[in-house]
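> Under mature numbering (1 follows the signal peptide of the UniProt record, and there is no 0), the residues of the sequence shown are numbered -17 to -1, 1 to 413, in order. All C-beta atoms in this analysis are idealised placements derived from N, C-alpha and C, irrespective of residue type, glycine included. None of these values were measured; they are calculated from a predicted model. Mind having a look at this structure? Questions to follow.
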Amino acid sequence: MWALTALFLLVQSSGQAATLEKPILSLHPPWTTIFKGERVTLRCDGYHPVLLELRPINTLWYLGHLLLPSHKKSIEVQTPGVYRCQTRGAPVSDPIHLSVSNDWLILQVPYAAVFEGEPLVMRCRGWYDKVVYKLHYYHDDQAVRYFHSSTNYTVLQARASDSGRYQCSGTMRIPVESAPMFSAKVAVTVQELFQTPVLRIMRPQEIRGSAHRRVVLRCETRLHPQKRDTPLQFAFYKYSRSVRRFDWGSEYMVPEPEVEELEAYWCEAATATRSVRKRSPWLQLPGPGSPLDQASTTAPAPQAAAFAPGNKPFSFRKPPVSRSVQSVTSVPNATLAGLQFPGGSAPTVGLPACAPPTLLEQSAGALKPNVDLLLREMQLLKGLLSRMVLELKEPQVLPEFKGTPETPTSHFALSRGTPETTPVESIRDT
């Protein structure tokens, strides 16, 4: 009696564990569209606990919301619809959509999901395997491939851009060659294998060992649930230079000399065969003692998007880093300070270290009038010099230009802000 009870508890606990896994429903042959009258085989592979009862464990089959009478592990069907299966103690499987066509030409695509980096195979099939000539394959109404006769169209490494609606066209000899015929359009979706990686700074409590005082970067991504066992490799880059080539580790420790500078990093995640590669956005490392650096030790680690948005163009140029106080931005301040000094005092370059922080505010208001005055004086001086040069070269041009009596050069005087004077009486006397 105790042995039977223990066996019952063992089977019950194992059945509860099985509720976490769905049974796998497969289709043979693996095409979702068939001709009318053809039959295909559906197979349900799932968890089967140890038999507690004398009768075998049943498999439940569903066509839409209708429960089918069969309880076998595999069944043959020819009716279009959505099929599912279920085993004892497990949830319902993912659906398979079966289509039945009465056309002369059909486009067959795989029933299973196609992921990035995997081959995508399509077949354009004539009525009951008749040969199709002058075969064209279309992707979103654009011709992508041509074959002389029946041939499968294969994309060796599918990408997200390969998703869309596909169609094929061709001719058949029934018994003479027919006009071009088109199949129905079929939607194909290429699933994302893993998400775009994100590079972030690890928090000190996440770092193990003696490296908790160092800056450690982690390249994070997430695999599709159906492909969670796929191994990924990671590489790290500083600007355009590779600092660590592809390896199984997703963490990188920044060398100490580089921590003192503002550096931009990014990472790359890829499959072992490099069939799928994705790069992260830029991550700008905060300098020591900066607010970002202090926040990274007390708050969640900053995300890469906060320092380098995903729409930032790829650039190999290192961003400028200010290393001195006397920079280009201090030139206007030096000119302004020189304008504010009384006559004879020398201007200073840059702001003194002991100057109050309100110096820029005080000088900003006087900048515009002083600059305007300087520009007006320069324009006046330029006009006077032009007239002098013109008079020296052609003495007869100046009177005609001004419309005034000729002025001798010996009596020409310059005075800032006052009109020129000419001794007219003395000229008449001579």
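Below 8 Å on the Cβ atoms is my contact criterion, and I expect V83 with P63 to pass it. Report the Cβ-Cβ distance as a whole number of Å.
4 Å
> If you draw a straight line from the alpha carbon of D28 to that of W44, how long is it in whole angstroms?
12 Å
> How many angstroms separate the CA atom of D212 from the CA atom of T24?
28 Å
> On the premise that Y248 lies in contact with L182, defined as a C-beta separation below 8 Å, what is that separation, rounded to the nearest angstrom?
About 6 Å separates the two Cβ atoms, so the contact holds.
> Check for me: the beta strand (DSSP E) holding R106 runs from which residue to which?
Run containing R106: L103 to G109, per the beta strand (DSSP E) assignment.
> By DSSP's criteria, D230 is part of a beta bridge. Which residues make up the other side?
In the DSSP output, where bridge partners are listed per residue, D230 has F217.
> Determine contact between the stretch 199 to 215 and the stretch 122 to 129, defined as no fewer than three beta-carbon pairs at a distance below 8 Å.
The stretch 199 to 215 vs the stretch 122 to 129: no contact.
> Count the other C-beta atoms from every protein chain shown that fall within 10 angstroms of the C-beta of I7, then say buried if there are 16 or more, exposed otherwise.
exposed
> Since P102 contacts V159 with CB under 8 Å, what's their CB separation in whole angstroms?
So it is not a contact: roughly 36 Å between Cβ atoms.
> Spell out the partners DSSP gives M185 in its beta bridges.
Paired residues: none, contrary to the question.
> Just checking my contact of A141 with V173 at CB under 8 Å: how many whole Å lie between their CB atoms?
Indeed they touch by this definition, with Cβ atoms about 5 Å apart.
> Quick check on this structure: which residue in S133, D145, S146 and K168 has the alpha carbon closest to the alpha carbon of G153?
If you compare the alpha carbons of S133, D145, S146 and K168 with that of G153, the shortest gap goes to S133.
> For V115, name the three-state secondary structure that DSSP assigns.
coil
> At the level of alpha carbons, what is the spacing between F98 and S144?
If you draw a straight line from the Cα of F98 to the Cα of S144, it comes to about 12 Å.
> Grab the span of the beta strand (DSSP E) containing K261 for me, first residue to last.
It spans R260 to R262 - the beta strand (DSSP E) in which K261 sits, taken as one unbroken run.
> Need the endpoints of the beta strand (DSSP E) that T254 sits in, please.
A247 to T254
> Quick one: what does DSSP say P238 is sitting in, helix, strand or coil?
coil
> Under a Cβ-count criterion, where at least 16 other Cβ atoms within 10 Å of its own Cβ denotes burial, should V115 be classed as buried or exposed?
buried
> Measure the alpha-carbon distance for V65 versus L50 and round it to whole angstroms.
Going from the Cα of V65 to the Cα of L50 covers about 12 Å.
> For R26, I'd like the list of residues in its chain whose CB is within less than 6 Å of its CB, leaving aside the five on either flank, ordered along the chain.
S9 and S57
> By DSSP, does L357 sit in helix, in strand, or in coil?
In this structure, L357 counts as helix in the three-state DSSP scheme.
> Quick one: residues in its chain with C-beta nearer than 7 Å to the C-beta of K55, no 5 flanking neighbours on either side, listed in chain order?
Answer for K55: T42, listed in chain order.
> Mind reading off the beta-carbon distance from R67 to P78? Whole number of angstroms is fine, and I expect it under 8 Å.
5 Å
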